[in-house]
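Peer 1: Quick one: structure below, then a few questions.
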Amino acid sequence: MLIESRRLLLLKSPFMRTTPAQKELAMIEDAIRQCVKCPLHKSRLNAVPGRGPCPARIMLVGEAPGKQEDLQGLPFVGPSGKFLDSLLKSVKLSRKDIYITSSVKCRPPKNRTPRPDELRICKTNWLDRQISLIAPKIIVLLGKTAVKQVLSLDANLNRLHGQLISKDHLHCFITFHPAAAMRFPQIGAKTQKDFRKLKQLLNTQTDLFSNCIAT
Ligand code: SF4
Numbered sequence: 013m014l015i016e017s018r019r020l021l022l023l024k025s026p027f028m029r030t031t032p033a034q035k036e037l038a039m040i041e042d043a044i045r046q047c048v049k050c051p052l053h054k055s056r057l058n059a060v061p062g063r064g065p066c067p068a069r070i071m072l073v074g075e076a077p078g079k080q081e082d083l084q085g086l087p088f089v090g091p092s093g094k095f096l097d098s099l100l101k102s103v104k105l106s107r108k109d110i111y112i113t114s115s116v117k118c119r120p121p122k123n124r125t126p127r128p129d130e131l132r133i134c135k136t137n138w139l140d141r142q143i144s145l146i147a148p149k150i151i152v153l154l155g156k157t158a159v160k161q162v163l164s165l166d167a168n169l170n171r172l173h174g175q176l177i178s179k180d181h182l183h184c185f186i187t188f189h190p191a192a193a194m195r196f197p198q199i200g201a202k203t204q205k206d207f208r209k210l211k212q213l214l215n216t217q218t219d220l221f222s223n224c225i226a227t
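Heads up, our numbering is the position in the sequence shown plus 12, with the first residue counted as 1.
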């Protein structure tokens, strides 16, 4: 029933799935909704595969679904999602151009940080395949967990935020998680600055971001 309702949602969504990569991504998203590969499936209501176009110029990776995401099966729809929307709007970027997902697809109990085995299993089964199909020009990593998941870096975010790091042909821009930016004004100010820098990169790095539309 839930899977069917997600399918209906997809059919109504602006993200049409017709190319082989799009069809494979849709299959992966369906498989994620039924995934029981790590212990996090036990406490979830809905897995949250992600949402957005394929291919996408920008991919955004957070930590894990929260309460609202778990309820709705959609990424960044709670308070931190609204904050993310305001950050994107402030630099004239739109969700419709971005594929948004998280490091693990199921909500950890009491919103705890995902464990290393959960991160590893979700990455090798799903996130790596999503990145490969979506082929983003830039991946925006929101917070320490996303940096660890994609770059295998135990990052000091205060040192690394606002930087573009390339690894294995992936170009990753590092910033704070919107939940932290929302709660702590100093982090919020740094995150705003990072998003302005991201927009500058999108505007100027035409070789790296040749397919990016910077509005
Ligand atoms: S977190 Fe990832 S690996 Fe674990 S059950 Fe959910 S989709 Fe599967």
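For every residue, glycine included, the Cβ atom is placed at its ideal position computed from N, Cα and C.
The structure presented is a predicted model; accordingly, all values stated were derived computationally and were not measured.
For Leu154, which residues in the same chain have their Cβ closer than 6 Å to its Cβ, ignoring the five residues on either side in sequence?
Peer 2: Answer for Leu154: Gly74, His189, listed in chain order.
Peer 1: Just to confirm the assignment: which complete alpha helix (DSSP H) runs, minimum length 4, are found wholly within the region 70-123?
Peer 2: Here the runs fully enclosed are 79-84, 91-102.
Peer 1: Any chance the CB of Ala33 is under 6 Å from a heavy atom of the ligand SF4?
Peer 2: Not under cutoff, so the answer is no.
Peer 1: Indicate whether Glu41 and Leu145 have their beta-carbon atoms separated by less than 7 Å.
Peer 2: It is not a contact, given that the beta carbons lie outside the stated cut-off.
Peer 1: At the level of alpha carbons, what is the spacing between Glu81 and Pro120?
Peer 2: Taking the straight line from one Cα to the other gives about 12 Å.
Peer 1: Is the beta carbon of Lys49 within less than 6 Å of some heavy atom of the ligand SF4?
Peer 2: Result yes, Cβ under 6 Å from the ligand SF4.
Peer 1: Note down, in chain order, each residue of its chain lying with its Cβ closer than 7 Å to the Cβ of Leu193, except the 5 sequence neighbours on either side.
Peer 2: The sequence given here has Ala at residue 193, not Leu. Same-chain partners within the cutoff: Phe95, Ile199, Gly200, Thr203.
Peer 1: Between the region 116-130 and the region 48-57, are three or more C-beta pairs nearer than 8 Å?
Peer 2: Touching, yes, given that three or more Cβ pairs across the two stretches are closer than 8 Å.
Peer 1: Beta-carbon within less than 7 Å of Asp166's beta-carbon, same chain only, minus the 5 sequence neighbours each way: which residues are those?
Peer 2: Excluding positions up to five away in sequence, the list reads Lys160.
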